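A.B. asks: Protein chains in written order, with the numbering used here: chain A, 32 to 272; chain B, 25 to 270.
Beta carbons are placed, not taken as given, at the ideal position from N, Cα and C, and that holds for glycine.
Every value quoted in this text rests on a predicted model; they were computed, and no experiment measured them.
Sharing a structure below in structure tokens format, with a few things to ask.
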Amino acid sequence: MLRDTWLLFRHSLRITLRQKVGLIFGAIQPLFFLVLFGPIFATIGTWETLVPGLIIQLGLMSTGMAGFGVVFEKRTGVLERMRVTPASRLALLLGRVLANAVTLIIQVVLLVAAGYAFGLRAPVGGLLAGLVLIVVLGVSLAALSYAIALTMNEQLFAPVMSTAVIPLVLLSGAFLPMAMAPGWLDALSHVSPFRYALEALRELFSGHYLTGTVLAGVVVTVGFAALSLTVGTRVFNREAA
Amino acid sequence: MIKTADLGKIYKGGVEAVRSVNISVEPGEIVGFLGPNGAGKTTTMRMLTTLLRPTSGTATVAGHDLLGDPRQVRRSIGYVSQSGAVDPTVPLGDELELQGMLYGLSRSDARARIAQVLAMLDLEGMESRLGGALSGGQRRRVDIAFALLHQPVLLFLDEPTTGLDPQSRANLWDHIRSLRDEQGVTVFLTTHYLDEADALCDRLLIIDHGEIVAEGTPAELKAGGRTLDAAFLDITGRSLREEAGV
């Protein structure tokens, strides 16, 4: 299984890295927020609050849309060809989602570097721990995105996902902390795993590691990853025809 | 090489795509699997290639139990689907190498085998070409190349010549024949072209309404001086079939 995962990861990553323009464009939207919204936000908050929010937005928009790739593979017959090989279903999924996670890391590093230019000052330990958390979150999102792409009408995937991402970004508190929201909105946002991940990320970027918020973020993110990979593998096994 | 007993598939929602298929294919045969649209050809082929789980019956494919050991079945078969298998954006060599390595070949063995298979299918030196730059006939031969890298004993071809010009079809028939004659590969193929079935296959199985309704050599089915088209229509009727994809 490990060998198959590695082979598929390397192959998927090679395809992604060939499209350098796409990689850069994927990171541009959060960069716009950083450049055009960040200076306004900085008058009421800190860059250590905003940049993690933009990272969550990037994760949702980048790995959340990973299913596009598998829609293409399904259409061209590539996926079906691979499903007739002896490669495990988990490897077929993991190889792809790990490549998506590496893409996300590159984009996050670009965003954090730009954030530093504006005034972000997060400790190295917090940045690295945050990166690990965002990779786990990215793997989960990509796995779910593949599962949705394989079960949903191909034509609907793009409009449904791009619409679903917006409330998920807003409910996570990416632009303003949900503590500022009215009670009902604050309560609603607790249903979303991205709120917990984001709050943990903010704590880590502020140099607070061993807190309840970080623990909650880690537990929810790992649980979300386990659930997403289970669903993704089942769908790959059953539906990817 | 293939043996099924009452193999059936009912989809969620209760649609019975295959009622009860009983077939037997011997090693070294080229068997054509014919039927009108919606008769159950593709569903049967997808079950035999492990892409769909049967809801009833049993089958042995290439000596392995289809339900009990699907991974061994996958190791032993090659499958070329209707929709093709070529990524138009990736160099063929990269895709073929990945495919070979997913079957357990080392990189050097995969590369050697790729060169061998491409030469066999008149595609020498095409490793650096993108899938999107190939002609229809070349693309279909590349589909077959994917299915042959691991030297399967049994090859499933789902409508292999659909959309090809007469020259490409004839060329593909030659390749399929030589796979059997020179390498002993058993071939199980679906087609809507009855001239193809007649020219290429040792034996034909006709499925309709999810069951095998006739089988025999092309000569046996044409007995009485009728054409294969006439025999097919006599067996399956002349009413139009609207169902697709099952």
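So which residues on chain A does P112/B lean against when the C-beta distance must stay under 8 angstroms?
C.D. replies: Within the second sequence, the letter at position 88 stands for residue 112/B. By Cβ distance, chain A contributes T107.
A.B. asks: Identify the contact partners of G108/B in chain A, using a Cβ-Cβ distance below 8 angstroms as the criterion.
C.D. replies: What you label residue 108/B is simply residue 84 of the second sequence in a count that begins at 1. Per Cβ cutoff of 8 angstroms: T107, G108.
A.B. asks: In the region 175-187 of chain B, which residues sit with their C-beta less than 7 angstroms from some C-beta in chain A, listed in chain order?
C.D. replies: The region 175-187 of chain B vs chain A, Cβ under 7 angstroms: nothing.
A.B. asks: Against M125/B, what residues of chain A qualify as contacts under a CB-to-CB distance less than 7 angstroms, listed in chain order?
C.D. replies: Locating residue 125/B in the second sequence gives position 101, counting from the first residue. Correct list: L38.
A.B. asks: Identify every residue that forms a DSSP beta bridge with T214/B.
C.D. replies: If you number the second sequence from 1, residue 214/B lands on position 190. Partner(s): F57/B, D182/B.
A.B. asks: In terms of alpha-carbon separation, which member of V55/B, D219/B, Q175/B, K33/B lies closest to E206/B?
C.D. replies: Residue numbering aside, residue 206/B sits at position 182 when the second sequence is read from its first letter. Selected option, being the one with the closest Cα: Q175/B.
A.B. asks: I need the straight-line Cα distance from L168/A to V245/A, nearest angstrom please.
C.D. replies: By 1-based counting over the first sequence, the position of residue 168/A is 137. By 1-based counting over the first sequence, the position of residue 245/A is 214. L168/A and V245/A: Cα-Cα distance of roughly 14 angstroms.
A.B. asks: Apart from the five residues on each side of it in sequence, which residues of its chain come closer than 7 angstroms, Cβ to Cβ, to A171/B?
C.D. replies: Taking the second sequence and counting its residues from 1, one reaches residue 171/B at position 147. Here the set comprises G102, Y103, V104, L179.
A.B. asks: Quick check on the DSSP output: the beta strand (DSSP E) that includes T84/B runs from which residue to which?
C.D. replies: Indexing the second sequence from 1 puts residue 84/B at position 60. It spans 80-85 - the beta strand (DSSP E) in which T84/B sits, taken as one unbroken run.
A.B. asks: Within a Cβ cutoff of 6 angstroms, which residues of the same chain sit near A160/A, ignoring the five residues on either side of it in sequence?
C.D. replies: For the purposes of this step, residue 160/A is taken as the residue at position 129 of the first sequence. Closer than 6 angstroms at Cβ, skipping near neighbours: L235.
A.B. asks: Mind listing the chain B neighbours of R114/A? Cutoff is C-beta to C-beta under 7 angstroms, in chain order.
C.D. replies: Within the first sequence, numbered from 1, the residue matching residue 114/A stands at position 83. Under the 7 angstroms cutoff, chain B gives L75.
A.B. asks: Taking Cβ-Cβ distances shorter than 9 angstroms, what residues in chain B pair up with E185/A?
C.D. replies: As a position in the first sequence, residue 185/A is number 154, starting the count at 1. The contacting residues do not exist; E185/A stays about 13 angstroms from chain B at best.
A.B. asks: Can you list, in chain order, the residues of the region 129-148 of chain A whose Cβ is nearer than 7 angstroms to any Cβ on chain B?
C.D. replies: Answer set for the region 129-148 of chain A: empty.
A.B. asks: Can you pull the DSSP bridge partners for D232/B?
C.D. replies: Your numbering for residue 232/B matches position 208 in the second sequence. According to DSSP, D232/B bridges with E235/B.
A.B. asks: For E40/B, list the residues DSSP reports as bridge partners.
C.D. replies: Taking the first residue of the second sequence as 1, we reach residue 40/B at position 16. According to DSSP, E40/B bridges with I34/B.
A.B. asks: I'd like to know if L257/B contacts chain A, where contact means its C-beta is closer than 8 angstroms to some C-beta of that chain.
C.D. replies: Start at 1 with the first residue of the second sequence, and residue 257/B comes out as number 233. No, its Cβ sits nowhere closer than 8 angstroms to a Cβ of chain A.
A.B. asks: Which partner residues of L203/B appear in the DSSP bridge assignment?
C.D. replies: Position 179 of the second sequence holds residue 203/B. For L203/B, which the question treats as bridged, DSSP gives no partner whatsoever.
A.B. asks: Against chain B, with Cβ distances strictly below 8 angstroms, would D217/A count as a contact?
C.D. replies: Translated into positions along the first sequence, residue 217/A becomes position 186. Not closer than 8 angstroms to any Cβ of chain B, the Cβ of D217/A fails to qualify, so no.
A.B. asks: Who are V49/B's beta bridge partners in DSSP?
C.D. replies: Stepping through the second sequence from its first residue, residue 49/B is reached at position 25. Answer is I26/B, bridged to V49/B.
A.B. asks: Starting from I87/A, find everything on chain B with Cβ-Cβ shorter than 7 angstroms and list it in chain order.
C.D. replies: Here residue 87/A corresponds to residue number 56 of the first sequence, with the count starting at 1. Those do not exist, as I87/A stays about 30 angstroms from chain B at its closest Cβ, beyond 7 angstroms.
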